[in-house]
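There are 2 protein chains.
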Amino acid sequence: MSIAKAVERLRTRFEARASTGASILDLHSKGEAHHAGVQPDAVLFPETTEEVAEIIRICAEEHCPITPYAVGSSVEAQVTPVRGGVSVDMMRMNKVLAIHEQDLDAVVQPGVTRSELNAALRHTGLFFPVDPGADASLGGMAATRASGTNAVRYGTMKDAVLRLEAVVADGSIIRTGGRARKSAAGYDLTRLLIGSEGTLGIITELTVRLHGLPEAISAATCGFPDVEAAVQTVIQTIQMDLPVARIEFLDEAQMAACIAYSDLDLEPAPTLFLEFHGSQASVAEQAETFGELARDNSATGFRWAVREEERNALWKARHDAYWAALAAGGPGRKVYVTDACVPISRLGECILETKADIDASALAGPMVGHAGDGNFHVQLLVDPESAIEAAEAERIADRIAKRALRLGGTVTGEHGVGLGKMKHMRAEHGQAWDVMAEIKRTLDPQNILNPGKIVEIN
Amino acid sequence: MSIAKAVERLRTRFEARASTGASILDLHSKGEAHHAGVQPDAVLFPETTEEVAEIIRICAEEHCPITPYAVGSSVEAQVTPVRGGVSVDMMRMNKVLAIHEQDLDAVVQPGVTRSELNAALRHTGLFFPVDPGADASLGGMAATRASGTNAVRYGTMKDAVLRLEAVVADGSIIRTGGRARKSAAGYDLTRLLIGSEGTLGIITELTVRLHGLPEAISAATCGFPDVEAAVQTVIQTIQMDLPVARIEFLDEAQMAACIAYSDLDLEPAPTLFLEFHGSQASVAEQAETFGELARDNSATGFRWAVREEERNALWKARHDAYWAALAAGGPGRKVYVTDACVPISRLGECILETKADIDASALAGPMVGHAGDGNFHVQLLVDPESAIEAAEAERIADRIAKRALRLGGTVTGEHGVGLGKMKHMRAEHGQAWDVMAEIKRTLDPQNILNPGKIVEIN
Chain G
29 MSIAKAVERL RTRFEARAST GASILDLHSK GEAHHAGVQP DAVLFPETTE EVAEIIRICA
89 EEHCPITPYA VGSSVEAQVT PVRGGVSVDM MRMNKVLAIH EQDLDAVVQP GVTRSELNAA
149 LRHTGLFFPV DPGADASLGG MAATRASGTN AVRYGTMKDA VLRLEAVVAD GSIIRTGGRA
209 RKSAAGYDLT RLLIGSEGTL GIITELTVRL HGLPEAISAA TCGFPDVEAA VQTVIQTIQM
269 DLPVARIEFL DEAQMAACIA YSDLDLEPAP TLFLEFHGSQ ASVAEQAETF GELARDNSAT
329 GFRWAVREEE RNALWKARHD AYWAALAAGG PGRKVYVTDA CVPISRLGEC ILETKADIDA
389 SALAGPMVGH AGDGNFHVQL LVDPESAIEA AEAERIADRI AKRALRLGGT VTGEHGVGLG
449 KMKHMRAEHG QAWDVMAEIK RTLDPQNILN PGKIVEIN
Chain U
29 MSIAKAVERL RTRFEARAST GASILDLHSK GEAHHAGVQP DAVLFPETTE EVAEIIRICA
89 EEHCPITPYA VGSSVEAQVT PVRGGVSVDM MRMNKVLAIH EQDLDAVVQP GVTRSELNAA
149 LRHTGLFFPV DPGADASLGG MAATRASGTN AVRYGTMKDA VLRLEAVVAD GSIIRTGGRA
209 RKSAAGYDLT RLLIGSEGTL GIITELTVRL HGLPEAISAA TCGFPDVEAA VQTVIQTIQM
269 DLPVARIEFL DEAQMAACIA YSDLDLEPAP TLFLEFHGSQ ASVAEQAETF GELARDNSAT
329 GFRWAVREEE RNALWKARHD AYWAALAAGG PGRKVYVTDA CVPISRLGEC ILETKADIDA
389 SALAGPMVGH AGDGNFHVQL LVDPESAIEA AEAERIADRI AKRALRLGGT VTGEHGVGLG
449 KMKHMRAEHG QAWDVMAEIK RTLDPQNILN PGKIVEIN
């Protein structure tokens, strides 16, 4: 029983689809996290669920760690095989298997990305709303319970998935849930797998909910004199239960970065990016209601993006906020991103205290967030060669995480636990973390599925 | 180690709040299910989370089964203590602990009923939408993953709960999740407990999401020449993604029963009960769009309930559909209710085949359902003294359950597994049912928490 034995068996079985090439191993050593990478001993490229099951069965027999990988866009090192073993690259399982237009759902393999699914839906009048910054794979998005700019209206991956197929630690293939919109038939294994980051099973198929494209969409940007006014506007919008589809906050530093990176004709002031979905009348109504709130909070520079290209350019710029920050950091600097999420009534306090931390630090940290969910990110710009800067980023991130917990929130709104948030799990969950460990221990007694993530069991 | 020893210790500790009175034992032997009751050996009335923990610790030491009980409105015998032991009556834990108006959430004890919570919200402009037929307890509703008439727009208890406090099998108190609107911090224990029917822990506190009362509400009933036309209208409404708040189907038999029971001035034809929520303009728009669809499907007798009293009378009648069916059955007859839920595109097929089953049977079976979710109930009217009728009801129910699975649905949309749906779990879940059993075995190794429900582990 050994990793070497597993790799040998897998190479015999999968031949060229079990790679030990240096560049392949390096690529699969890490995602977008600031953490140091760890190379796997081999990378497997399965093409079917049965092949994933075969890989897991061989690894189970040889006691070899297995870490799933897809686009590699995770920012908390979920894909880093910290104990070596095999990285299972899911990107060859990239077919849209079925689109059920009448039921508003689609069946996809895990390597399909969110934009690929939306491209496949182009002529149906339907869309898939969950949109993390990266064009992530749907399997990875489910595994990390991802969300994005539409979550305030359409929910996160927790809400978007109807059922899953997954291979569990003994190589069995399970299917959770059905295609009905709801069910009360036993334990919710679908939701248990969502957010489990590959530690309980590898997702091999997803059935996801779709939504009708709204009849009308209008988007806007809205600048504010200060961060507090922008955040107050978000809080009031949510408290009114106004059904905004998107309400995103960018502080002045993030705006400056985005303006430079995406060539936006906007001011570098604290800004909200908004979108309203509905009928013509309801979109107009929502926009008017929001406009009043914003003006009451001294908004300046309301700008409507009416044409589709303008709107797409706006949201492309928003999704590129990470790259914009990276560019603003200059050569050699990396982004260390935080992920606090708090009850909306505490969002102002959380952001302002965090802002004070950044102002008092030598590091720059543009802020951007899904403010309607109470979720925001600080993109700390760090020279990874500088131990001082890395320590400073860590210190600020820790303060933010603890602040989120103190305010009744969570250390991760959407990026997941990975390696980066492990140290906060006890504080966030208390004894419930032990229950998570018990579940892991029983479903993966050898601890071969992405060991070292979410729970500590040996 | 014995039940008798546990009861003795609990009586010493809880005195009058550990009852063995005959009428109390009888009351806690069953809910609204058609299944035979089984009396507990004692009924406990805890008043705090700590007391629930104490009860569980004593029972764990004495290896004594524990079954939670609240309103007793479950229809699948979830509350029946099939292996004796203690019934834990949660109705003294009935406080609304906090209402966070700004965050749109409330913290409640499990014995608070849905109408009590809404009464507490009366002056806030907020409401709690999940509304099963009975005025159930929120703890029970979470434990059975309940839904109701608003689920098509506002979701089920899966969506309504932000976090839980629960006592698990060793007497530990755990808290799952936080008050933030989303989190990616580890396994979703909140969703694991929701729908677990007291088999993994006893819920002692819930934080639930609230919604703003819509600016405008309009309700209507709409009769159709036949079942198919009514169901087609529902299907088209959902496929258009029209944001109806409620869209309920009652067949002609159920309408006749409701007209008689609730003195409704309507015709005994297949009928939809509808409600639209939104701004004045959007409600008008939704109603118009729906009206066109309905007319295209030959709807007759569109009736608007404009005034609040009319609307309340309408939904009261809908919520009383169970009692109306019971009354229509005549003295001595009981309701045996089914709970299929299928993808919306298969709903017509499922209902029409079921209708043919009922027409071919000697039993009456009014039909009513949350058709917008693909969920419907047949309320089979059965003389419990007649073995022939009971067997016939069972035969029809089995056919409906198998049909739902064949059509890609679930045997229970909202009533849960209890005893009634156990026999279908293997067919519905396949190997995933074994994973559920593993989870149960690890979190409740002695099988003391509501044994005999959801999974079979010994």
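Sequence order for the protein chains is G and U.
To convert, note that position 324 of the first sequence is 352 in our numbering; the numbers rise steadily by one, no gaps.
To convert, note that position 143 of the second sequence is 171 in our numbering; the numbers rise steadily by one, no gaps.
We put the beta carbon where it would ideally sit given N, CA and C, even for glycine.
Where residue i falls: helix, strand or coil (DSSP)
i, result
"residue 130 (chain G)", "coil"
"residue 403 (chain U)", "strand"
"residue 167 (chain U)", "helix"
"residue 12 (chain U)", "Outside the modelled stretch of chain U, which goes from 29 to 486, sits residue 12 (chain U), for which no answer is possible."
"residue 115 (chain G)", "strand"
"residue 239 (chain U)", "strand"
"residue 121 (chain U)", "coil"
"residue 80 (chain U)", "helix"
"residue 143 (chain G)", "helix"
"residue 87 (chain U)", "helix"
"residue 398 (chain G)", "strand"
"residue 362 (chain G)", "strand"
"residue 500 (chain G)", "Examination of residue 500 (chain G) is not possible in this model, given that chain G is present from 29 through 486 alone."
"residue 189 (chain G)", "strand"
"residue 204 (chain U)", "strand"
"residue 373 (chain G)", "helix"
"residue 199 (chain U)", "coil"
"residue 357 (chain G)", "helix"
"residue 255 (chain G)", "helix"
"residue 263 (chain G)", "helix"
"residue 466 (chain G)", "helix"
"residue 66 (chain G)", "coil"
"residue 51 (chain U)", "helix"
"residue 483 (chain U)", "coil"
"residue 219 (chain G)", "helix"
"residue 272 (chain G)", "coil"
8 Å contact criterion, which residue i and residue j should meet: CB distance rounded
i, j, result
"residue 26 (chain G)", "residue 400 (chain G)", "An answer regarding residue 26 (chain G) cannot be provided, because it is not within the stretch 29 to 486 covered by chain G."
"residue 320 (chain G)", "residue 273 (chain G)", "Actually they are not in contact, since the Cβ atoms of residue 320 (chain G) and residue 273 (chain G) sit about 19 Å apart, beyond 8 Å."
"residue 67 (chain G)", "residue 446 (chain G)", "So it is not a contact: roughly 17 Å between Cβ atoms."
"residue 168 (chain U)", "residue 98 (chain U)", "4 Å"
"residue 114 (chain U)", "residue 70 (chain U)", "5 Å"
"residue 429 (chain G)", "residue 398 (chain G)", "Actually they do not touch by this definition, with Cβ atoms about 17 Å apart."
"residue 348 (chain G)", "residue 440 (chain G)", "The Cβ separation is near 22 Å, so there is no contact."
CB contact flag (residue i, residue j, <9 Å)
i, j, result
"residue 152 (chain G)", "residue 189 (chain G)", "no"
"residue 248 (chain U)", "residue 343 (chain U)", "no"
"residue 253 (chain G)", "residue 311 (chain G)", "no"
"residue 210 (chain U)", "residue 184 (chain G)", "yes"
"residue 202 (chain U)", "residue 458 (chain G)", "yes"
"residue 150 (chain U)", "residue 163 (chain U)", "no"
"residue 25 (chain U)", "residue 413 (chain U)", "The structure shown does not extend to residue 25 (chain U), since chain U is modelled only from 29 to 486, so the question has no answer here."
"residue 186 (chain U)", "residue 222 (chain U)", "yes"
"residue 433 (chain U)", "residue 455 (chain U)", "yes"
"residue 240 (chain U)", "residue 268 (chain G)", "yes"
"residue 204 (chain U)", "residue 208 (chain G)", "no"
"residue 101 (chain U)", "residue 199 (chain U)", "no"
Other residues of its chain near residue i: CB distance less than 7 Å, five sequence neighbours each side excluded
i, result
"residue 270 (chain U)", "314, 317, 318"
"residue 260 (chain U)", "325, 376"
"residue 206 (chain G)", "191"
"residue 280 (chain G)", "296, 297, 298"
"residue 381 (chain G)", "431"
Cutoff 6 Å; reference residue i; Cβ partners in own chain excluding five residues on either side
i, result
"residue 340 (chain U)", "none"
"residue 393 (chain U)", "386, 406, 408"
"residue 301 (chain G)", "249, 276, 346"
"residue 327 (chain U)", "250, 252"
"residue 48 (chain U)", "70"
Cutoff 8 Å; reference residue i; Cβ partners in own chain excluding five residues on either side
i, result
"residue 225 (chain G)", "106, 171, 172, 444, 445, 446, 478, 481, 482"
"residue 389 (chain U)", "420, 424"
"residue 112 (chain G)", "31, 66, 67, 68, 69, 93"
Residue ranges of each alpha helix (DSSP H) within the region 279 to 344 of chain G, 4 or longer = You should have 280 to 290, 308 to 324.
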